[in-house]
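J.: Before we start, here is the structure in question, set down as structure tokens.
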């Protein structure tokens, strides 16, 4: 599904909403279980591309076949990690990832790296021990919010892009 199609379905006729999407680093990621059955719920039914579904399942293995977003384990993207480690910019995180100092992403969804929160937290002491210019100190309030599903900091809201970004907030 093209990104433009998705935003049109959400804004125009409310065929699709964000109830079955996990928002990570300002982007929505819909649950595969929801996506698999979505085409049958539209006024003009769409047929599932089984080859694409198989590719996604393989790419996201081991995945989670859950029916509700709150059944997922805590997942984070770059924006949430920058807040968690109190970094001054995402460039510090990207550098640590590219040099192998920071664990590789657990998933890549739509080209974006996504991590399971708990392994990142478990790796923090080793990351801190090898750090020179950056503390990599975990913000305990951000960690608690991410674990509890109540995080509302950077990355928790969908960021308008393109023409929508220049429109005043409603």
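In the working numbering, the protein residues as written are 45 to 214.
Ideal Cβ placement from N, Cα and C applies to all residues, glycine included.
#1: Give me the Cβ distance between residue 128 and residue 171, rounded to the nearest whole Å; I'm assuming they're in contact under 8 angstroms.
#2: Can you give the Cα-Cα distance for residue 203 and residue 142, rounded to whole angstroms?
#3: Per DSSP, what kind of secondary structure is residue 62 in: helix, strand or coil?
#4: I need the boundaries of the beta strand (DSSP E) containing residue 158, first residue and last residue.
#5: Report the residue from 114, 82, 83 and 125 whose alpha carbon sits nearest the alpha carbon of residue 70.
#6: Just verifying my parser: in three-state terms, what is the DSSP assignment at residue 141?
#7: Indicate the three-state DSSP secondary structure (helix, strand or coil) for residue 182 in the structure shown.
#8: Rounded to whole angstroms, what's the CA-CA distance from residue 168 to residue 60? Just pull it up for me.
#9: State the DSSP-derived secondary structure class of residue 119, mapped to helix, strand or coil.
#10: Starting from residue 153, follow the beta strand (DSSP E) in both directions and report where the run begins and ends.
#11: Measuring alpha carbon to alpha carbon, tell me which of 103, 146, 132 and 64 ends up nearest residue 115.
#12: Classify residue 169 as helix, strand or coil using the three-state DSSP reduction.
#13: Taking Cβ positions, are residue 161 and residue 119 nearer each other than 8 angstroms?
#14: What's the gap between the Cα of residue 45 and the Cα of residue 152?
#15: Residues in the same chain with beta-carbon distance under 8 angstroms from residue 181, minus the five sequence neighbours each way, listed in chain order, please.
#16: Around the Cβ of residue 185, are there at least 16 other Cβ atoms within 10 angstroms (buried) or fewer (exposed)?
#17: Closest by CA to residue 75, which one among 138, 201 and 112?
#18: How big is the Cα-Cα spacing for residue 139 and residue 68?
T.: Reading off the structure:
#1: The count along the chain shown starts at 1 and reaches residue 128 at position 84. The count along the chain shown starts at 1 and reaches residue 171 at position 127. No, residue 128 and residue 171 are not in contact; Cβ-Cβ is about 12 angstroms, not under 8 angstroms.
#2: The residue given as residue 203 occupies position 159 in the chain shown. The residue given as residue 142 occupies position 98 in the chain shown. Going from the Cα of residue 203 to the Cα of residue 142 covers about 25 angstroms.
#3: Numbered from 1 along the chain shown, position 18 holds the residue referred to as residue 62. The answer is helix: DSSP assigns residue 62 an H, G or I state.
#4: One-based indexing of the chain shown puts residue 158 at position 114. Where residue 158 is concerned, the enclosing beta strand (DSSP E) stretches over 156-160.
#5: As a working mapping, residue 70 is identified with position 26 in the chain shown. Comparing Cα positions, the closest option is 125.
#6: Here residue 141 is taken as the residue at index 97 of the chain shown, counted from 1. Correct three-state label for residue 141: helix.
#7: Here residue 182 refers to the residue found at position 138 of the chain shown. In the structure shown, residue 182 sits in coil (DSSP, three-state: anything other than H, G, I, E or B).
#8: As a working note, residue 168 is residue 124 in the chain shown. As a working note, residue 60 is residue 16 in the chain shown. Those two C-alpha atoms are separated by around 38 angstroms.
#9: Residue 119 sits at position 75 when you count from the first residue of the chain shown. Residue 119: strand per DSSP, three-state reduction.
#10: Taking the first residue of the chain shown as 1, we reach residue 153 at position 109. 151-153 is the extent of the beta strand (DSSP E) around residue 153.
#11: For the purposes of this step, residue 115 is identified with residue 71 of the chain shown, where counting begins at 1. Nearest option by C-alpha distance: 64.
#12: Working through the chain shown from its first residue, we reach residue 169 at position 125. In this structure, residue 169 counts as helix in the three-state DSSP scheme.
#13: Start at 1 with the first residue of the chain shown, and residue 161 comes out as number 117. Start at 1 with the first residue of the chain shown, and residue 119 comes out as number 75. In this structure, residue 119 lies closer than 8 angstroms to residue 161 by Cβ.
#14: Residue 45 sits at position 1 when you count from the first residue of the chain shown. Residue 152 sits at position 108 when you count from the first residue of the chain shown. Reliability of the predicted coordinates at residue 45 is poor, the pLDDT of 46 falling under 50, and the value obtained from them is presented with this limitation in mind. Cα to Cα, residue 45 sits roughly 17 angstroms from residue 152.
#15: Stepping through the chain shown from its first residue, residue 181 is reached at position 137. Contacts found: 129, 130 and 172.
#16: As a first step, residue 185 is located in the chain shown; it is residue number 141 there, counting from the start. By the neighbour-count rule (16 or more Cβ atoms within 10 Å), residue 185 is not buried but exposed.
#17: What you label residue 75 is simply residue 31 of the chain shown in a count that begins at 1. Per the Cα distances, 112.
#18: If you number the chain shown from 1, residue 139 lands on position 95. If you number the chain shown from 1, residue 68 lands on position 24. Whole-angstrom Cα-Cα distance: 20 angstroms.
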